[in-house]
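J.:
Residue numbers (the numbering used here): 7 to 600.
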């Protein structure tokens with residue numbers, strides 16, 4: 007084949023593909039021609055066998071005894087004919103295979119020359135490989151032949167270089183794409199994730215369509231592509247989670263207050279990206295050959311963890327809105343300083359209404375933006391569960407005090423409205439009517455009944471006061487009446503009785519004569535002086551020495567008696583000593599008094 011040096015590499019590849027198509031067509035025509043000739047010969051051979059057996063059948067009717075011998079001869083003859091023709095066909099097939107191999111070896115010279123001249127970044131020769139490989143792998147004799155092996159060895163470096171280039175290209179697109187991503191919804195994810203998943207799928211489809219003839223190298227390519235897809239999806243998940251943590255802190259305000267928070271739509275798009283990656287990972291990362299299935303298992307667990315963290319962050323942010331509302335309601339607690347001041351504004355249920363609007367807006371946002379129904383429903387169930395438990399704990403902290411009317415109105419509105427909203431979103435009744443919800447409703451109903459009773463009593467009291475203020479009554483306040491006491495006579499009698507008792511006490515005091523005079527006082531003083539002089543003759547501790555000597559004498563006598571009497575009567579001996587001791591103590595006390 008002669009090439010013009012002025013032709014471009016692309017033109018040479020197209021000419022080479024056209025030449026390969028002509029060669030394949032020529033060889034197919036030759037094969038069909040010889041197959042028709044072989045078919046005609048086989049038909050003649052089959053007809054010869056049928057005629058032979060028909061003649062033998064006629065002889066069999068007359069010569070039954072010769073049947074085994076003639077049968078053996080016929081079988082031996084046919085076997086010899088079959089072996090002779092098979093040997094001839096085999097020699098012809100070998101010549102035909104050798105002819106085809108020589109023909110394709112001449113074509114391989116031009117093919118390698120053209121491939122060597124194409125640029126290093128050109129991949130226009132892959133259609134030529136697909137054309138030749140599809141023909142050779144389906145051929146009975148050329149499959150895995152010399153030319154087929156030469157074709158495989160020629161294109162193997164190109165395939166490896168192409169896979170390396172695509173891997174670096176996809177990694178670079180992930181790095182730059184997520185830095186400039188605006189997080190607008192596109193199909194099932196965002197622009198960068200859609201581009202990444204499409205490239206991974208297209209690369210795997212391209213390598214799969216090559217139908218690589220070498221099983222070992224084909225398995226290596228498949229393993230590498232699955233590992234590449236797992237790594238790229240993992241890198242995508244890390245970047246999406248990093249941006250999610252930033253966006254979840256932003257959010258929008260519906261009414262300008264903290265209780266009117268609205269989740270950013272960008273967060274919902276990020277959730278969709280992870281969900282899409284998780285669904286595509288089953289196709290891009292899963293292998294059914296032994297332990298290679300670990301690629302899909304590992305990336306599936308990683309993406310499941312990211313989805314769980316996203317769900318927790320969303321619920322935590324939404325529950326924080328309820329926390330801010332309950333903190334506002336805490337200012338109305340019984341005994342609080344701000345309760346009376348805030349009650350002057352006469353609020354109705356503004357905080358409860360704003361929170362209900364916030365819940366409805368976020369439910370609608372999540373329902374419309376997130377594509378996975380199962381993930382959305384699980385998110386709603388967990389959100390409702392944590393919201394109910396949060397209110398239950400808040401009421402438990404106020405079990406000893408009554409709720410303010412404003413607190414009661416807001417909580418009733420929040421619990422009833424959110425219960426209906428979550429029910430419309432598909433949350434099951436067993437999750438809606440949990441034990442915490444039943445306890446909350448029981449407490450609120452009791453507070454409501456108590457509040458109604460108080461309001462009814464207040465209403466009756468106000469009606470009575472209003473009636474008193476509107477009617478004149480039995481007293482005319484326009485004239486000056488003399489004040490009269492209802493118990494004036496009784497109080498006068500008590501006053502007279504007290505006055506008489508005081509006069510009698512004074513009379514007895516005045517009539518009492520004095521028993522002490524100057525002369526009696528002198529006589530008493532003389533007697534006391536004599537007593538004091540008699541006492542002064544003795545020392546202060548005179549009684550101590552006498553009592554000690556007396557006690558020693560008593561102990562000696564007691565010891566002698568105890569030695570002379572039996573052991574059982576020793577207790578009786580102690581009684582006199584104790585009695586003497588008591589008498590001495592009594593005498594000492596009397597002397598002290600003197």
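Backbone N, C-alpha and C fix where the C-beta goes; we use that ideal spot for every residue, glycine too. Model, not experiment: these values are computed from the prediction.
(1) Please work out which residues of its chain come closer than 8 Å, Cβ to Cβ, to residue 131, disregarding the five sequence neighbours upstream and downstream, and give them in chain order.
(2) Please determine if the segment 279 to 290 and the segment 383 to 391 are in contact, where contact requires at least 3 C-beta pairs separated by less than 8 Å.
(3) What do you get for residue 505, buried or exposed, if any count of 16 or more other CB atoms within 10 angstroms of its CB means buried?
(4) Leaving aside the five residues before and after residue 375 along the sequence, list all residues of the same chain whose C-beta is less than 6 Å from its C-beta, in chain order.
(5) Buried or exposed: which applies to residue 369, given that a residue is buried once 16 or more other Cβ atoms fall within 10 Å of its Cβ?
(6) Quick one: is residue 327 buried, meaning 16 or more other Cβ sit within 10 Å of its Cβ, or exposed?
(7) Expressed to the nearest angstrom, what Euclidean distance is found between the alpha-carbon atoms of residue 499 and residue 516?
(8) Tell me the residue span of the alpha helix (DSSP H) that contains residue 441.
(9) Please classify residue 473 as buried or exposed, where buried requires at least 16 other C-beta atoms within 10 Å of its C-beta.
(10) I'd like to confirm the pairing. Which residues does DSSP put opposite residue 195 in its beta bridges?
(11) Taking residue 175 and residue 235 to be in contact with their CB atoms under 8 Å, please state how far apart those CB atoms are, rounded to whole angstroms.
(12) Taking the alpha-carbon positions, what's the residue 495 to residue 501 distance?
(13) Whole angstroms is fine: what's the gap from residue 437's alpha carbon to residue 389's?
(14) If contacts are defined as beta-carbon pairs under 8 Å, then residue 171 and residue 228 qualify, I think. What distance do you get, rounded to the angstrom?
(15) Over what stretch of residues does the alpha helix (DSSP H) that includes residue 530 continue unbroken?
(16) I believe residue 281 touches residue 378 by the beta-carbon criterion, under 8 Å. Please report the beta-carbon distance rounded to the nearest angstrom.
(17) Please report the residue range of the alpha helix (DSSP H) in which residue 129 lies.
(18) In whole angstroms, what is the alpha-carbon distance linking residue 332 and residue 181?
(19) Let me confirm a value: residue 426 is counted as buried when at least 16 other C-beta atoms fall within 10 Å, else exposed. Which label applies?
(20) Could you name each continuous alpha helix (DSSP H) segment of 4 residues or more that falls completely within the segment 134 to 214, going from the start of the chain to the end?
(21) Do three or more CB pairs link the segment 305 to 324 to the segment 396 to 415 at distances below 8 Å?
(22) Specify, as a first and last residue, the run of the alpha helix (DSSP H) that residue 125 falls within.
(23) Here's the rule: buried if 16 or more other CB atoms are within 10 angstroms of the residue's CB, otherwise exposed. What is residue 283?
(24) If I measure Cβ to Cβ from residue 449 and keep anything under 8 Å in the same chain, skipping five residues before and after, which residues do I get?
(25) Mark residue 198 as exposed unless 16 or more other C-beta atoms lie within 10 angstroms of its C-beta, in which case mark it buried.
(26) Just tell me which of 207, 226, 256, 435 has its CA closest to the CA of residue 238.
(27) How many Å lie between residue 169 and residue 318 at the Cα?
(28) What's the gap between the Cα of residue 572 and the Cα of residue 537?
(29) Residue 442 to residue 248, Cα distance in whole Å?
(30) Which two residues bound the contiguous alpha helix (DSSP H) that contains residue 404?
(31) Between the Cα of residue 417 and those of 276, 204, 358, 459, spot the shortest distance and give me the residue it belongs to.
(32) Is residue 493 helix, strand or coil when you go by DSSP?
(33) Going straight from the alpha carbon of residue 373 to that of residue 335, what length do you get?
(34) Secondary structure at residue 510, three-state DSSP: helix, strand or coil?
(35) Taking the alpha helix (DSSP H) that residue 432 belongs to, which residues open and close that run?
(36) In this structure, how does DSSP classify residue 218 when only helix, strand and coil are distinguished?
T.: Quick look at the numbers:
(1) As a first step, residue 131 is located in the chain shown; it is residue number 125 there, counting from the start. The answer, listed in chain order, is 19, 120, 121, 124, 161, 164.
(2) Under the Cβ criterion (8 Å, minimum of three pairs), the segment 279 to 290 does not count as touching the segment 383 to 391.
(3) In the chain shown, residue 505 corresponds to position 499, counting from 1. Per the 10 Å Cβ criterion, exposed.
(4) The residue given as residue 375 occupies position 369 in the chain shown. Hits under 6 Å: 271, 274.
(5) Against the chain shown, residue 369 aligns to sequence position 363. With 16 or more other Cβ atoms within 10 Å, it is buried.
(6) Sequence index remark: in the chain shown, residue 327 carries index 321 (1-based). Per the 10 Å Cβ criterion, buried.
(7) Residue numbering aside, residue 499 sits at position 493 when the chain shown is read from its first letter. Residue numbering aside, residue 516 sits at position 510 when the chain shown is read from its first letter. The alpha-carbon atoms of residue 499 and residue 516 are separated by roughly 26 Å.
(8) Indexing the chain shown from 1 puts residue 441 at position 435. Per DSSP, the unbroken alpha helix (DSSP H) holding residue 441 starts and ends at 441 to 476.
(9) As a working note, residue 473 is residue 467 in the chain shown. That one is exposed.
(10) If you number the chain shown from 1, residue 195 lands on position 189. DSSP lists 192 as partners of residue 195.
(11) Reading the chain shown from its first residue, position 169 is the one you call residue 175. Reading the chain shown from its first residue, position 229 is the one you call residue 235. The Cβ separation is near 14 Å, so there is no contact.
(12) As a first step, residue 495 is located in the chain shown; it is residue number 489 there, counting from the start. As a first step, residue 501 is located in the chain shown; it is residue number 495 there, counting from the start. Taking the Cα positions, residue 495 is about 10 Å away from residue 501.
(13) Numbered from 1 along the chain shown, position 431 holds the residue referred to as residue 437. Numbered from 1 along the chain shown, position 383 holds the residue referred to as residue 389. Straight-line Cα distance between these residues: approximately 11 Å.
(14) As a working mapping, residue 171 is identified with position 165 in the chain shown. As a working mapping, residue 228 is identified with position 222 in the chain shown. Rounded, the Cβ-Cβ distance is 18 Å, inconsistent with contact.
(15) In the chain shown, the residue the question calls residue 530 occupies position 524. 524 to 542 is the extent of the alpha helix (DSSP H) around residue 530.
(16) For this step, residue 281 is matched to residue 275 along the chain shown. For this step, residue 378 is matched to residue 372 along the chain shown. That belief holds up - the Cβ atoms of residue 281 and residue 378 are roughly 5 Å apart, short of 8 Å.
(17) Residue mapping note: residue 129 aligns to position 123 of the chain shown, counting from 1. Residue 129 -> no alpha helix (DSSP H), and no H or E assigned at all.
(18) Translated into the one-based positions of the chain shown, residue 332 becomes position 326. Translated into the one-based positions of the chain shown, residue 181 becomes position 175. Near 43 Å, if we compare the C-alpha coordinates of residue 181 and residue 332.
(19) As a working note, residue 426 is residue 420 in the chain shown. Per the 10 Å Cβ criterion, exposed.
(20) Listed in chain order, the complete alpha helix (DSSP H) runs (minimum 4 residues) inside the segment 134 to 214 are 152 to 185.
(21) Too few Cβ pairs lie closer than 8 Å, so no.
(22) Translated into the one-based positions of the chain shown, residue 125 becomes position 119. Counting along the chain, residue 125 falls outside any alpha helix (DSSP H), and DSSP gives it neither H nor E.
(23) Taking the chain shown and counting its residues from 1, the one referred to as residue 283 is at position 277. A residue is called buried once 16 or more other Cβ atoms fall within 10 Å of its Cβ, and residue 283 is buried on that count.
(24) By 1-based counting over the chain shown, the position of residue 449 is 443. Here the set comprises 401.
(25) As a first step, residue 198 must be located in the chain shown, where it is residue number 192. By the neighbour-count criterion, in which 16 or more other beta carbons inside 10 Å mark a residue as buried, residue 198 falls on the buried side.
(26) Stepping through the chain shown from its first residue, residue 238 is reached at position 232. Comparing Cα positions, the closest option is 207.
(27) One-based indexing of the chain shown puts residue 169 at position 163. One-based indexing of the chain shown puts residue 318 at position 312. For residue 169 and residue 318, the distance between alpha carbons rounds to 39 Å.
(28) In the chain shown, counting from the first residue as 1, residue 572 sits at position 566. In the chain shown, counting from the first residue as 1, residue 537 sits at position 531. Because residue 572 sits at a pLDDT of 48, beneath the cut-off of 50, its placement in the model cannot be relied upon, and the following sentence gives the value as read from the coordinates. If I take the Cα positions, the gap works out to 50 Å.
(29) The residue you call residue 442 lines up with position 436 of the chain shown. The residue you call residue 248 lines up with position 242 of the chain shown. So the alpha carbons of these two residues sit roughly 35 Å apart.
(30) Translated into positions along the chain shown, residue 404 becomes position 398. In the DSSP assignment, residue 404 falls outside any alpha helix (DSSP H), carrying neither H nor E.
(31) Numbered from 1 along the chain shown, position 411 holds the residue referred to as residue 417. Among 276, 204, 358, 459, the Cα nearest to that of residue 417 is on 358.
(32) As a first step, residue 493 must be located in the chain shown, where it is residue number 487. Assignment of residue 493 by DSSP, reduced to helix, strand and coil, places it in the coil class.
(33) To locate residue 373, count along the chain shown from 1; it is residue 367. To locate residue 335, count along the chain shown from 1; it is residue 329. Looking at the two C-alpha atoms, the distance is approximately 30 Å.
(34) Residue numbering aside, residue 510 sits at position 504 when the chain shown is read from its first letter. Three-state DSSP puts residue 510 in a helix.
(35) The count along the chain shown starts at 1 and reaches residue 432 at position 426. Counting along the chain, residue 432 falls outside any alpha helix (DSSP H), and DSSP gives it neither H nor E.
(36) In the chain shown, residue 218 corresponds to position 212, counting from 1. Residue state, collapsed to three classes: coil.
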